[in-house]
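**Q**
Chains as they are written, first to last, in the working numbering: chain G, 5 to 241; chain H, 332 to 626; chain W, 2 to 123; chain V, 9 to 297.
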């Protein structure tokens, strides 16, 4: 469904992605594991059009995404849950969700989806009128996921959903990830938390210093080694 | 030399000092809408010294510089903890306060049977040291540009010194510079003090050329022009602000056919220029390329 | 060097200072004014034979609006001169009389210009 | 006491127009993080167009206001394209200086086309002041305040209840997240810029109609009042702009009454400096809006 081919993305002279090729299959959870600074967030921002790659191609359902604006990419059905639970802190929970449906034009469908989100995330319903900045970290992460879902993506990208959250909440997040996938959303997530990610992923990649260094199913590589390389990278470890 | 040309060249020199003052603050990353206040203080102080107390011009100018630098220091202390737009508006508030207070200030003495000195909105007339001492217009032009050259030379020396490098670092990223152990706040206060003195020097020279000043000379219009010249000419070198002034007042004013449309041409040209070169004609990158390979 | 030269330059000259009264009338051409200037010394006696140019500066933006100075002509009336001035817009202008005779001097007058002419005042 | 009440009423009336000017700055600053120095000149262009329509074509109040709004928005479009749209995200100083250059340009064009000192603008109302219990109320000022209030209410509704308002607030509070939701900040910024110019034009038209004239100095005046009012209420805050505008009006009218006309602006700027000092000049784009 998503094919990233030999993508190079640079900040000035510095190449953060040095030719990355990954793929996410329809109906599956694909996971990209790697340490800080390996290029995970850069890849997410490149796929969503926030960064322009120097070269390479990104095809979604056979259509090229490189050159499209973030807004056009959202419209094609790719949505990102950004790192650090980037919500709109001064807007209410409900408004955050409405903003997620910005590109959709049918009020009735949006309202139905809003109800569905409140059903899935009852905590958000309780706090619908509250401003998002007052939510706890876990609640903000739920909100960020729900907001991305409001654009009705066929592929949901997630950038380190477990970052900075308590273990119990991390488990809940991954339970939701698995649930969403069961309901038919394809998911591509980047993580440092290999232990949790390997539990849900159908396929995973390792990325180190801007290059993909392993590709396979969970179990193909010893979990200890994956964890080691996902946190520290192989060259330093 | 044609008198008009002498007049234009004199104005370029004077405006350059004010533009350099605003440029110095831009180098450390601060936008000031208020350098005209120090220009005003310099003009009033130097004018009072020569016209009311009979001091010689050099001493009068020096008095102006001292007053301007002290004021620059005094304003910098409460404003330096502000950043960005807040700092810019604080400098604007100070400058407007200064101008409004000058509109109220009467301080007159009888000199040779004539009452002289700041007279509220009427302004400060009769600062005629240059005329009383029969200094020609060309001679005074020499004085102005002599001073500009000395100031430029001093700034070039500073640019290569440790303080100069530290200022550039603070301008690029104040927080990072501070993390590296540079006293960013103190450097900014130092620069604001020097900038105050520099603007005051320009003001002192201006009042002796014009023989009179009045508070409305020093409105925000003057200050924002100075700021714009600094950016248009380029942030990379002290020659930048001078280039900015020459382009506006010099080039376009001198071409009398288009003088009436000066701001229309210049305003549009500046907007286009800044799209192409957002840090001015002589920006840091160009200056680095030009000076590379030299000792 | 410059300082030294300035310090050594001549001391204040004893002189008679000039005073000027200016009134400008609008002409058929927009922004062109005929100015009548009356020169007197401090005792109020008309001053004849002066040579000066009339320039203008906008107090709201000093150093930028340089109107090219025009030579003033003497008239038959004692102490009366005239000059034709072209401005950029109506409003407040500081007119600057730059004398070369009887001695180098400057007199600045502030006038407000409108469609009828220019008068001293605020 | 009666004086204080009268001054406060007068201050609130003019403060409504100040608030609109302040909102003009705040709306652009919130969405674009840019200062539009050409704001006053844009308003001036609109007012000159209104005055020209009144003089040359004999248009009345509503026609002149319409001309003012139309030309202010057109001038705003020019400034937005040239100074803001074209400059990259990091060049905020360049955008500001560029807008200053266009301020000069617009003012020069205005002065060349209409070089007179003052131009007549259709009066808002020539009805006599109402007197009540020693207080007097000018109907035209009341109308100005009412229109300003109406405009602010409409703006509030737009920001809270429309898709555009939602997007604008999203861009103001978290631009990156907004882009990820499919919102295009550049497009929202342009629209907000034009809306701000329209509000500025409306404020200018109201003030010119109360004075029934306009001069070339109006642009600078409008810019300073807007900037001061915005900063008094907290840079970038929408309720702050409204409060700052009203506060500036009330402070000015009381200072003028008790201290004299020459102290009016001194008090305002002194207070501005103090507020910046005490609040450390925090920029709070659109919080609590």
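Just so you know, even glycine gets a beta-carbon here, dropped at the ideal spot from N, CA and C.
Since this is a predicted model, take the numbers as computed values, not measurements.
Residues of chain W with CB under 9 Å from residue 381/H, in chain order?
**A** Here residue 381/H refers to the residue found at position 50 of the second chain. Simply none; closest approach about 11 Å.
**Q** What residues are listed by DSSP as bridge partners for residue 446/H?
**A** For this step, residue 446/H is matched to residue 115 along the second chain. 441/H, per the DSSP bridge assignment.
**Q** For the region 35-118 of chain W, list the beta strand (DSSP E) runs that are entirely contained and at least 3 residues long, ordered along the chain.
**A** The region 35-118 of chain W contains these whole beta strand (DSSP E) runs: 52-58, 68-72, 81-87, 92-102 and 106-114.
**Q** Taking only beta-carbon atoms, is residue 572/H less than 7 Å away from chain V?
**A** Counted from its first residue, the second chain places residue 572/H at position 241. Answer no: the Cβ-Cβ gap between residue 572/H and chain V never drops below 7 Å.
**Q** Cβ of residue 162/V versus every heavy atom of the ligand ZN: is any distance shorter than 6 Å?
**A** This structure lacks the ligand ZN; in fact it carries no ligand of any kind.
**Q** What alpha helix (DSSP H) runs, 4 residues minimum, are completely inside the region 106-145 of chain G?
**A** The region 106-145 of chain G contains these whole alpha helix (DSSP H) runs: 111-124 and 126-130.
**Q** Over the uninterrupted alpha helix (DSSP H) stretch that includes residue 494/H, give me the two end residues.
**A** For the purposes of this step, residue 494/H is identified with residue 163 of the second chain, where counting begins at 1. Its alpha helix (DSSP H) spans residues 493-503.
**Q** Can you list, in chain order, the residues of the region 77-104 of chain G whose Cβ is nearer than 8 Å to any Cβ on chain V?
**A** Cβ contacts with chain V come from 78, 79, 83, 84, 86, 90, 91, 92, 93, 94, 95, 99, 102, 103 and 104.
**Q** Mind pulling the chain W residues with CB within less than 7 Å of residue 548/H?
**A** In the second chain, counting from the first residue as 1, residue 548/H sits at position 217. Near residue 548/H (Cβ distances below 7 Å), the residues of chain W are 60 and 63.
**Q** Quick one: is residue 115/W near chain V, going by C-beta distance under 7 Å?
**A** Taking the first residue of the third chain as position 1, residue 115/W is located at position 114. Taking Cβ atoms only, chain V reaches closer than 7 Å to residue 115/W, which makes this a yes.
**Q** Rounded to whole angstroms, what is the Cα-Cα separation between residue 599/H and residue 561/H?
**A** Here residue 599/H is taken as the residue at index 268 of the second chain, counted from 1. Here residue 561/H is taken as the residue at index 230 of the second chain, counted from 1. Rounded to the nearest angstrom, the two C-alpha atoms are 17 Å apart.
**Q** If we require 3 or more residues per run, which beta strand (DSSP E) segments fall completely within the region 30-63 of chain G?
**A** For the region 30-63 of chain G, whole beta strand (DSSP E) runs of length 3 or above, ordered along the chain, are 33-37.
**Q** What would DSSP say about residue 225/V, mapped onto helix, strand or coil?
**A** Translated into positions along the fourth chain, residue 225/V becomes position 217. Looking at residue 225/V - three-state DSSP - the assignment turns out to be coil, as it is neither helix nor strand.
**Q** Using a beta-carbon distance cut-off of less than 8 Å, what residues from the region 89-100 of chain W approach chain V?
**A** If the cut-off is 8 Å between Cβ atoms, the region 89-100 of chain W has 89, 90, 91 and 92 near chain V.
**Q** DSSP three-state call for residue 421/H: helix, strand or coil?
**A** The residue you call residue 421/H lines up with position 90 of the second chain. Residue 421/H falls in the helix class under three-state DSSP.
**Q** To the nearest angstrom, how far is the alpha carbon of residue 91/V from that of residue 607/H?
**A** Translated into positions along the fourth chain, residue 91/V becomes position 83. Translated into positions along the second chain, residue 607/H becomes position 276. Approximately 11 Å, taken between the alpha carbons.
**Q** Below 9 Å on C-beta distance, what does residue 155/V contact in chain H?
**A** Residue numbering aside, residue 155/V sits at position 147 when the fourth chain is read from its first letter. The contacting residues do not exist; residue 155/V stays about 28 Å from chain H at best.
**Q** So which residues of chain H does residue 285/V contact, with C-beta pairs closer than 9 Å?
**A** Here residue 285/V is taken as the residue at index 277 of the fourth chain, counted from 1. Neighbours of residue 285/V on chain H, chain order: 409, 410, 412, 413 and 421.
**Q** From what residue to what residue does the alpha helix (DSSP H) around residue 148/W run?
**A** Not covered by the structure: residue 148/W. The range shown for chain W is 2 to 123.
**Q** To the nearest angstrom, report how far apart residue 522/H and residue 359/H are at their CA atoms.
**A** Here residue 522/H refers to the residue found at position 191 of the second chain. Here residue 359/H refers to the residue found at position 28 of the second chain. So the alpha carbons of these two residues sit roughly 8 Å apart.
**Q** Give me the Cβ distance between residue 47/G and residue 24/G, rounded to the nearest whole Å; I'm assuming they're in contact under 8 Å.
**A** Sequence index remark: in the first chain, residue 47/G carries index 43 (1-based). Sequence index remark: in the first chain, residue 24/G carries index 20 (1-based). That belief holds up - the Cβ atoms of residue 47/G and residue 24/G are roughly 6 Å apart, short of 8 Å.
**Q** Please state the DSSP three-state secondary structure of residue 309/V.
**A** Chain V is shown from 9 up to 297; residue 309/V falls before or after that span and cannot be answered.
**Q** Taking just the CA atoms, how far does residue 117/G sit from residue 193/G?
**A** Here residue 193/G corresponds to residue number 189 of the first chain, with the count starting at 1. Here residue 117/G corresponds to residue number 113 of the first chain, with the count starting at 1. Approximately 23 Å between the Cα atoms of the pair.
**Q** Let's see if you can read the secondary structure: which residues bound the beta strand (DSSP E) around residue 552/H?
**A** For the purposes of this step, residue 552/H is taken as residue 221 along the second chain, with counting starting at 1. Taken as a continuous stretch (DSSP letters only), residue 552/H belongs to no beta strand (DSSP E), being part of the alpha helix (DSSP H) at 551-564.
**Q** Mind checking whether residue 230/V and residue 257/V have CB atoms under 7 Å apart?
**A** Residue numbering aside, residue 230/V sits at position 222 when the fourth chain is read from its first letter. Residue numbering aside, residue 257/V sits at position 249 when the fourth chain is read from its first letter. Result no, Cβ atoms of residue 230/V and residue 257/V do not sit closer than 7 Å.
**Q** For residue 273/V, return the contacting residues in chain H, with the cut-off set at a CB-CB distance below 8 Å.
**A** Your numbering for residue 273/V matches position 265 in the fourth chain. What residue 273/V touches in chain H: 427 and 431.
**Q** If you follow the alpha helix (DSSP H) that residue 398/H is in, where does it begin and where does it stop?
**A** Here the question's residue 398/H lines up with position 67 in the second chain. Here the alpha helix (DSSP H) through residue 398/H covers 388-410.
**Q** Within its chain, find whatever has a CB closer than 6 Å to the CB of residue 137/G; leave out the 5 residues flanking it on each side and keep chain order.
**A** Residue mapping note: residue 137/G aligns to position 133 of the first chain, counting from 1. Taken in chain order, the residues that qualify are 93.
**Q** Report, in whole angstroms, the separation of the C-beta atoms of residue 69/G and residue 51/G, which I expect to be a contact under 8 Å.
**A** By one-based count along the first chain, residue 69/G stands at place 65. By one-based count along the first chain, residue 51/G stands at place 47. About 7 Å; that satisfies the 8 Å criterion.
**Q** From 233/V, 234/V and 31/V, pick the residue whose C-alpha is nearest to that of residue 201/V; which is it?
**A** Along the fourth chain, one-based indexing puts residue 201/V at 193. Measuring from the Cα of residue 201/V, the nearest candidate turns out to be 31/V.
**Q** Does chain H have any CB closer than 7 Å to the CB of residue 106/W?
**A** What you label residue 106/W is simply residue 105 of the third chain in a count that begins at 1. At least one chain H Cβ lies under 7 Å of residue 106/W.
**Q** For residue 14/G, report the span of its beta strand (DSSP E) as first-last.
**A** Position 10 of the first chain holds residue 14/G. Its beta strand (DSSP E) spans residues 6-15.
**Q** With distance defined between alpha-carbon atoms, name the residue in 27/G, 76/G, 183/G and 115/G nearest to residue 98/G.
**A** Residue 98/G sits at position 94 when you count from the first residue of the first chain. Closest by alpha carbon: 115/G.
**Q** Nearest to residue 87/W by CA position, among 104/W, 72/W and 68/W, is which residue?
**A** Residue mapping note: residue 87/W aligns to position 86 of the third chain, counting from 1. The residue with the shortest Cα to Cα distance from residue 87/W is 68/W.
**Q** Check whether the Cβ atoms of residue 103/G and residue 174/V lie closer than 7 Å to each other.
**A** Walking along the first chain from the start, residue 103/G turns up at place 99. Walking along the fourth chain from the start, residue 174/V turns up at place 166. Closer than 7 Å, so yes.
**Q** Is it right to say residue 511/H is buried, meaning 16 or more other beta carbons lie within 10 angstroms of its own, or is it exposed?
**A** To locate residue 511/H, count along the second chain from 1; it is residue 180. Result: exposed.
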